[in-house]
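The opening position of the sequence shown corresponds to residue 1 in our numbering, with each subsequent residue numbered one higher. The C-beta atom is built at its ideal place from N, Cα and C for all residues, glycine as well. Predicted model, so just to flag it, every value in this text is computed and none were measured.
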Amino acid sequence: MIRINNQDEYQHYYTQALNEPNEFWSEVASSFTWRKPWTSVSTGDFENLDIKWFNGAELNITENCLDRHLKTQPHKTAIIFEPNNPDSATRTFTYKELHTEVCRAANMLKQQNVKKGDVVCFYMSMIPELLIGVLACARIGAVHSVVFGGFSSKALSDRINDCKAKVLITNDSGFRGTKEVLLKNICDKALETSPSISTVIIKKHSGSPVNLKSNRDFWWDELTNKITSSDCLPEVMQAEDPLFILYTSGSTGKPKGLLHTTAGYMVFAQYSFENVFQMKSDNDIFWCTADIGWITGHSYITYGPLLAGVTQVMFEGVPNWPDAGRFWQTIDKHKVTHFYTAPTAIRALEACDINLVKKQNLSSLKVLGSVGEPINVEAWDWYNKNVGHKNCPIVDTWWQTETGGIMISPLAGITNTIPCFAMSPLPGVQLKLMDAQGQVVEENGVEGNLVITAPWPSIARTIYGDHNRYKDVYFSDYKGTYFTGDGAKRDDNGFYRIIGRVDDVMNVSGHRIGTAEVEDALNQHPQVVESAVVGYPHNIKGQGIYAYIICLNKCEGEALKTELLDTVTQQIGAFAKPDKIQVVSGLPKTRSGKIMRRILRKVANNDTSDLGDTSTLLNPEIVEEVMKRNTL
Ligand code: PRX
């Protein structure tokens, strides 16, 4: 492993990774447990897209997350589970205990006839069995596909069908604050249209009643109780064997199942975790508040911290229950040193009673992190002052589901930060900015589209089942480079600030949602003839969702609104509900029939002073109506 300790070393390794990438990555990968060494560090490029890292190597990622720590620190706490209700008991797992649980779950999966290469879908609360189940898959070479528990039955079914998952693992129901989510019921509904699932395994968690379908549904506890062996030999995996599929939204079409493979993902997860967060003491405690249903929970709950052998908190609940001091109370309760959360949570808590944060001690904190969306100056300052007591470096980490790990970020305590700047790429990450003409912008003090010019170990290798789409979405805008979909600013000193998406992807409370997905959902309502959805700035969520719809008949305000919101909740999930809906008689279109989103965005942003050139519109008269902004 390479651990960067100061700015000189950063420069040294950045240059080495650029000029001698094989030497650099070999050294990073040297500390892992390999069953067989690689024959080549990296092959493939962004032209042929047959990217391979550590090819020829054999390994199992769980051997690196668990077994290797058993030799040195079997009794170190791996997971401190903080349940939704603060009065419920905390559960902890040492590395040894976690190893045992994972092995038992892996044996259970084997007994259910899950084999290497089979896809296992998870639709669960943030409880230890989610993490244990995911690792159990990796132990036996099954591919995990975790679906965030906030998705609807329709969205779950679509994802199961896309990857043809064989087994679905869930829990009876889960609580988020006071709200009960009936996960098993939602699974039952999803399975009406998902025939590939032959087995459902249910972890009893809330105790709420569920329907069990015979020969299909089994209790997790009953199955694991029958397992006598607490060891399970790890399946020997090839470096490029699939590790997981994770769905994310794009600017067009249905969600994409990004496929991550084993060795490169593993190496980058630990490398980025250790260097960005700089956990130094054995007593340091990490807490990432993300859900394992998103990439942050994959790389910086499930894999990164366990690979690094640290202690971490896993949290089931929500930031504002029992009150908006829950994060701060939990930091004190478990003496968290490294805290990683999203700007949307910071903004929401900033809007609450300041005494909730002031009354907590928070003196254990050493490093703060931010992820998922651009952080605004007010939130950055508030986080720095009230949570970090101006004593904790803030690492604003930019990355994506596709990148597998953090790409641009300060290194805690090493990089001098500028508020809201992700600063510099990690050694091994090569960035460029492109202008509107598709030319590289070399100078500083500019904005442009962010691209990555060379493969890195944890890049998603394909979109599951659709390699052409993968080529098209990421590598066709700028030939030979990976286009991130984000815009960024590079300041006069070469430091990066991420501006946000430049495509039709919204970032709503840190959730990545395609405008096309919400439009498709709205169009399912029988009254909707056509819809157009754009994002607009929102104080707490970062972006809100603004939907313009054309209706068939006379539209009834509140009733229609409720129905439309229900439709989106059913098609995607409640987190994708539009904040504003405006009924219009037409949408501004070009003569070729394309919706002019630029105008809709400006209106939604309440910035109509300069709508730009509207002369090419087929129906310019509609602009005036749209500008009325009379939402339901
Ligand atoms: O727009 C960027 C934004 O989140 C997008 C990726 O979303 P997702 O794949 O869901 O992964 C989120 C967690 C890694 C990016 O294209 N984004 C992520 N981190 C930042 C960010 N925008 C600004 N600053 C960040 N630190």
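For Q582, which of helix, strand or coil comes out of DSSP?
strand
Are W38 and F54 touching if we call contact CB-CB under 9 Å?
yes
*asked:* Would L135 and C187 qualify as a contact pair, given that the criterion is a beta-carbon distance under 9 Å?
replied: no
Examine chain D for any beta-carbon lying closer than 9 Å to the beta-carbon of H260, and answer yes or no. The chain labelled as chain D is not found in the depicted structure, where only one protein chain is given.
Which of helix, strand or coil DSSP assigns to T569: helix
* Asked: Is the beta carbon of G586 sitting closer than 9 Å to the one on E625?
  -> yes
message = For H538, list the residues DSSP reports as bridge partners.
response = G542
### Message
Taking the alpha helix (DSSP H) that H467 belongs to, which residues open and close that run?
### Response
H467 to F475
Q: Less than 8 Å between the CB atoms is what I'm expecting for K71 and A57, so what's the real figure, rounded?
A: Wrong, their Cβ atoms sit about 21 Å apart, outside the cutoff.
### Same chain only: Cβ atoms within 6 Å of P151, ignoring 5 sequence neighbours per side
According to the sequence shown, residue 151 is Phe rather than Pro. Cβ neighbours of F151 beyond the five flanking positions: G573.
Any non-hydrogen atom of the ligand PRX within 8 Å of P322 CB = no
Handout entry: Cross-strand partners of N449 (DSSP beta bridge)
Key = M434 and G487
Between the alpha carbons of L618 and V502, how many angstroms are there, rounded? 25 Å
inquiry  = Per DSSP, what are the beta-bridge partners of H144 in this structure?
reply    = V120 and F244
- Query: For A78, does the three-state DSSP call read helix, strand or coil?
  - Reply: strand
Practice problem: Evaluate the contact criterion for the stretch 72–89 versus the stretch 155–166: three or more CB pairs, one atom per stretch, below 8 Å. | Solution: no
When you compare each of P427, R461 and R490 to Q446 by their alpha carbons, which one comes out closest?
With the sequence shown as reference, residue 446 is identified as Val, and Gln is not the correct amino acid for it. The option with the nearest alpha carbon to V446 is R490.
With a 10 Å radius around its C-beta and 16 neighbouring C-beta atoms as the bar for buried, classify K602 as buried or exposed. buried
Subject >> Residues of its chain near S229, where Cβ-Cβ distance is below 7 Å and the 5 sequence neighbours each way are ignored >> reply: N107
Next on the checklist: Just to confirm my understanding: we take L356, look at its own chain, exclude 5 residues before and 5 after, and list those with CB closer than 7 Å. What are they?
Outcome noted: D323, A324, G325 and W328
Q) If you draw a straight line from the C-alpha of V440 to the C-alpha of N6, how long is it? A) 30 Å
Tell me P425's beta-bridge partners as DSSP assigns them. I408
- prompt: For the ligand PRX, is there a heavy atom less than 8 Å away from the beta-carbon of G514?
  reply: no
In whole angstroms, what separates the C-alpha of D332 from that of E47?
-> 50 Å
Distance, A269 Cα to A29 Cα: 11 Å
If we count the other Cβ atoms within 10 Å of its Cβ and call it buried at 16 or more, is E517 buried or exposed?
-> buried
- So what's Q238 in DSSP terms, helix, strand or just coil? strand
Residue range of the unbroken beta strand (DSSP E) whose run includes T397: I394 to T397
(message) Any contact between the stretch 374–386 and the stretch 262–279? By contact I mean 3 or more CB pairs, one from each, below 8 Å.
(response) no
Practice prompt. Going by CA-CA distance only, name the one from V167, G177, S42 and K76 that's closest to S88.
Written response: G177
| query | Among residues of its own chain, excluding the 5 on either side of T567, which ones have a beta-carbon nearer than 8 Å to its beta-carbon? | reply | A521, L522, Q524 and H525
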